[in-house]
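One line per chain: the protein sequences are A and B, in this order. Here the first sequence stands for residues 470 to 691, numbered as in the numbering used here. Here the second sequence stands for residues 470 to 691, numbered as in the numbering used here. Virtual Cβ for every residue (Gly too), placed ideally from N, Cα, C. The model shown is predicted, which means the values in this text are computed figures rather than measured ones. Each remark here refers to the structure printed beneath this line.
2 protein chains.
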Amino acid sequence: MGERRYGQYCPVARALDQLGDRWTLLLVRELLVGPQRYSDLLEHLPGMWSNLLAGRLRALEAAGLVARRPLPPPASRLVYELTDRGRELEPVIYEVSRFGLDLLDDPGDDVVPLHLLPLGLKGMLRAEALPDGPLVVALVLDEGTWTLSVAAPPPTGHPLTRVRVTPEAVPDADVTVRGSAMALLARRRGAAAPGLSPLVLDGSAADVATVDALFSPDPAAA
Amino acid sequence: MGERRYGQYCPVARALDQLGDRWTLLLVRELLVGPQRYSDLLEHLPGMWSNLLAGRLRALEAAGLVARRPLPPPASRLVYELTDRGRELEPVIYEVSRFGLDLLDDPGDDVVPLHLLPLGLKGMLRAEALPDGPLVVALVLDEGTWTLSVAAPPPTGHPLTRVRVTPEAVPDADVTVRGSAMALLARRRGAAAPGLSPLVLDGSAADVATVDALFSPDPAAA
DNA sequence: CCGCATCCGTTTCGATACTG
DNA sequence: CAGTATCGAAACGGATGCGG
């Protein structure tokens, strides 16, 4: 079957041997949000058809990136989840996401996958603007409420892996952001936000400046 | 024609609309090494056939990631090169490369693309182990000689974009590494290097420790 | 229902040949 | 050197069916 390889002794080629097929990286993105059932994946990936999904899941399983696990007995359902090795693809998704931010001009006819907003918020952050110390940010947005926790930097891994996004806001956040995800995205992209409710940041001056930098546009190319 | 889109308003999906086709990211990797002629690309990408290459180049050109440029009049050749926007894919390639390092166990029947060694050496570095200050490392390897220059960190972009690799060694490097690229790779992967000439690092104790960290294995998962 | 397998028209890919 | 043209072989897009 799908034994199509690039045949180069190169880390990029070897990685793409496992990831380069259509839909595969989108499937990884999907599973980064959390374990999901087959039918959830199907509806979160409109246009991907059952036969393809089954094939990709099998290939990723064979590559050791995805595992299927039966949920505890009462509700004996099957879920698919990333293995530890599969979770090492997080940085790849973040960098692809960052590149893609510039392409998010207009939703057009595209569906807006709200279920990936937690992951999307993480991918929106300017990684190099992450503070050194720990920081907790409450996001109270029109689309929902999340808490963004930045851990102190361990000397390993991609910067954004220090960030966790959890549902609901904690009361003792360092900074509280009110507004909408679309307004955050527009601000991050340096785009005008006509008709969007303005963003309000609340917290100490230093912490607000830090969060402001996280959602600011990249500086123009040198 | 080739207007196959994922149809999701998501940065990952939008990016993969431009990059997700087979061969495309390998082609980007190729052009990250430098501008190349059509025939060079063909021989550096064995298995990619002329019609596909022409199609991909056209698509990348249409996406604004690649430009074709005629060389100055005496040798009027055509070269393909990345645009500024295309060069923003560097971090993507680095993260894909990092993921793929673990898959480089055995060359097997694969070709070994030596021309990408400069890029490969960059991608081999542990980004989070980069020093804050500037650093110059001379690599005197069996496969060739390069200088690795680490610039002081500006507050923008992927860490590895601070590193430049140039051919030939400078005499006043902070650290000199002697050995082979294969030995460096084995060390970085934490793999045994049977029969490989050992690595020798020369420089001040602090600088040697820094370079040692750059080519050390990732710490085991927590 | 959930988790696939089977089937079929269309698109893309793999490979060779041929042209300005 | 820099591509086009062409053609069979896969893979993909789309729908339906079938056993737990």
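Not a single CB atom of chain B sits nearer than 8 Å to the CB of Asp676 (chain A). Secondary-structure assignment with DSSP links Glu550 (chain A) through a beta bridge to A:Ala536. Classified as exposed, Gly577 (chain A) has fewer than 16 neighbouring CB atoms from the shown chains inside 10 Å of its CB. In this structure, the CA atom of Gly648 (chain B) is about 5 Å from the CA atom of Leu610 (chain B).
Here the C-alpha atom of Pro600 (chain B) lies approximately 7 Å from the C-alpha atom of Thr679 (chain B). For the pair Pro480 (chain B) and Gly589 (chain A), the Cα-to-Cα distance works out to about 8 Å.
In the three-state reduction of the DSSP assignment, Thr645 (chain B) falls in the strand class, which pools E and B. Of all residues in the segment 490-512 of chain B, those with a C-beta nearer than 7 Å to a C-beta of chain A are Arg491, Leu494, Leu495 and Arg498, reading in chain order. The beta carbon of Arg656 (chain A) is closer than 6 Å to those of Phe684 in its chain, skipping five residues each way along the sequence. Just measuring C-alpha positions, the residue of B:Leu511, B:Val502, B:Gln505 and B:Val565 sitting nearest His627 (chain A) is B:Val565. Of the candidates A:Arg498, A:Tyr475 and A:Gly476, A:Arg498 places its Cα closest to the Cα of Leu485 (chain B). By a beta-carbon distance limit of 8 Å, Val580 (chain A) does not contact Gly489 (chain B). Their separation comes to about 17 Å. Annotated three-state conformation of Thr616 (chain B) is strand, per DSSP. Membership of Ala607 (chain B) in the beta strand (DSSP E) is indicated by the continuous run Leu604 to Leu610. Within the same chain, Ser618, Ala642 and Asp643 come within 6 Å of Val605 (chain A) by CB-CB distance, once the 5 residues on both sides are set aside. Residues of the same chain with a CB within less than 8 Å of the CB of Leu547 (chain A), apart from the 5 flanking positions on each side, are Arg506, Tyr507, Arg537, Arg538, Pro539 and Leu540 in chain order. Taking a C-beta distance under 8 Å as the contact criterion, Lys591 (chain A) and Leu629 (chain A) qualify as a contact pair. The three-state reading of DSSP puts Thr630 (chain B) in helix, counting H, G and I together. With a contact defined as Cβ atoms closer than 8 Å, Leu495 (chain B) and Leu522 (chain B) miss out at about 11 Å. Under the DSSP assignment, Gly672 (chain A) falls in the beta strand (DSSP E) whose first and last residues are Val669 to Gly672. Residues of the segment 613-629 of chain B with a C-beta less than 9 Å from any C-beta of chain A: Pro622, Pro623, Pro624, Thr625, Gly626, His627 and Pro628, listed in chain order. CA-to-CA, the gap between Leu608 (chain B) and Arg658 (chain A) works out to about 39 Å.
Scanning A:Glu612, A:Pro560, A:Pro624 and A:His584 for the CA closest to the CA of Leu594 (chain A) turns up A:Pro560.
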